[in-house]
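Sequence positions in the sequence shown follow my numbering and run 39 to 323. For every residue, glycine included, the Cβ atom is placed at its ideal position computed from N, Cα and C.
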Amino acid sequence: MMNEFQVDNQLTLLKIIGKDNGKKYIFYDKLDASFIQFHFCISGSITFNYNKGAYNLKLDEGKFLTLYNPEKHLTIDASVAKNSKVISVLIPIVEFHKLFSSTSSDIPFFENKSLNQKHYSENLISNSILIVLNQIIKNDMDNSTRSLLYKAKIYELFSLIFKKTKEIDLDQCPFLNNDENLKKIAKAKDVILKDIKNPPSLIELSKTIDLSLKNLKKGFKEIYGKPVYKYLFDFKMERAKQLLSNGNLNVNEVSYDLGYSSSSHFIAAFKKKYGITPRTYINNN
């Protein structure tokens, strides 16, 4: 099933849902070479077919695709796996450029040398982006306010995709100029996120990555902008919002999934982070 929403004269949203009875084939040709295409695969997979099937491009769950080819009309001809959920956003390059007019030089395909060149990129969907996508998928507002909400959510997606992050000044921290140390800090992040229910202590973590406790603390904060367990806490809260937005788990189940000893501890942590309880968050979304 594919639902098309004309958000405004220049902005189109497609909701593509694969049912549980096999692959679904979709075709959409209401666009030309002036359009940028953003395709977000929330679950399952979608395979795009080009040149009458001579070339296939598969997009898996948890990834999004950005396509722009000023020389060719890229019709959306695709097969959607069963139980898949895909959001597509289509907008002309000129209109998209207007949204970023003051900062366009920071976006790769807005560089002068790239304006007339095709662009392709595949990236992971972050927790923040996934939350917005789920809000779009689950929206059931009436027609009078739907377009306004969709436009706001699409603009939010763009801001999350293209937001600038502060670069680390390696010259200010000689410790981070060591590639081996950088790898160890990256490993530390992987270790704490591998089992968020039972993360190691800082001492255990420093032994695991073979780095002193002092350098672990200093290096982690330099790279990720916050202490180890503040980073883990923020990750868990983002994960909590994602799970609550999906609607598949209740508050107690989310609490357990994140490793809290009781739901009251989770509720207190969530309220400390966002100023509202998980139940209020569910009702608002």
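Reduced DSSP secondary structure (H/G/I, E/B, other) of residue i
i	result
THR183	helix
MET275	helix
PRO108	coil
LYS309	helix
ILE125	strand
TYR188	helix
SER301	helix
PHE86	strand
LYS151	With a pLDDT of only 49 at LYS151, under the threshold of 50, the placement of this residue in the model should not be trusted; the figure read from the coordinates follows. LYS151: helix per DSSP, three-state reduction.
PHE102	strand
LYS176	helix
LYS136	helix
SER159	strand
ILE314	coil
LYS117	The question names Lys, yet the displayed sequence has Ser at residue 117. Strand.
ASN94	strand
LYS204	Bear in mind that a pLDDT of 47 at LYS204, under 50, signals an unreliable position, so the number given afterwards is only what the model happens to contain. If DSSP states are grouped into helix, strand and coil, LYS204 belongs with coil.
ASN323	coil
MET39	coil
Proximity of residue i and residue j at Cβ, strictly below 9 Å
i	j	result
PRO108	SER159	no
TYR269	ILE230	yes
TYR188	PHE43	yes
THR113	HIS157	no
ASN121	GLY56	yes
ALA116	ILE167	no
TYR298	MET275	no
LYS123	ILE74	no
LEU137	VAL170	no
ARG277	ASN165	yes
MET40	TYR66	yes
ILE320	VAL289	yes
PHE200	ILE234	no
Anticipated Cβ contact below 8 Å, residue i with residue j, distance rounded
i	j	result
LYS101	ASN161	7 Å
ILE175	ILE125	7 Å
LYS62	VAL118	4 Å
HIS111	ASP70	5 Å
ALA224	VAL266	Wrong, their Cβ atoms sit about 13 Å apart, outside the cutoff.
GLY257	ASN219	6 Å
LYS222	ILE247	4 Å
CYS79	LEU51	Not quite, the Cβ-Cβ distance comes to about 15 Å (not below 8 Å), so this is no contact.
C-beta neighbour in chain B for residue i, strict 9 Å
i	result
LYS310	The chain inventory of the structure shown lacks chain B, comprising one protein chain alone.
Can you give, in chain order, each stretch of the beta strand (DSSP E) that sits fully within the stretch 42-83 and has at least 3 residues?
50-55, 62-66 and 73-81
Quick test of the definition: if touching needs 3 or more C-beta pairs under 8 Å, does the stretch 239-258 touch the stretch 280-290?
no
Jot down the residue ranges of each uninterrupted alpha helix (DSSP H) in the stretch 213-254, minimum 4 residues, whole runs only, in chain order.
217-232 and 240-247
Cβ contact check for the stretch 43-52 and the stretch 184-198: 3 or more pairs under 8 Å:
yes
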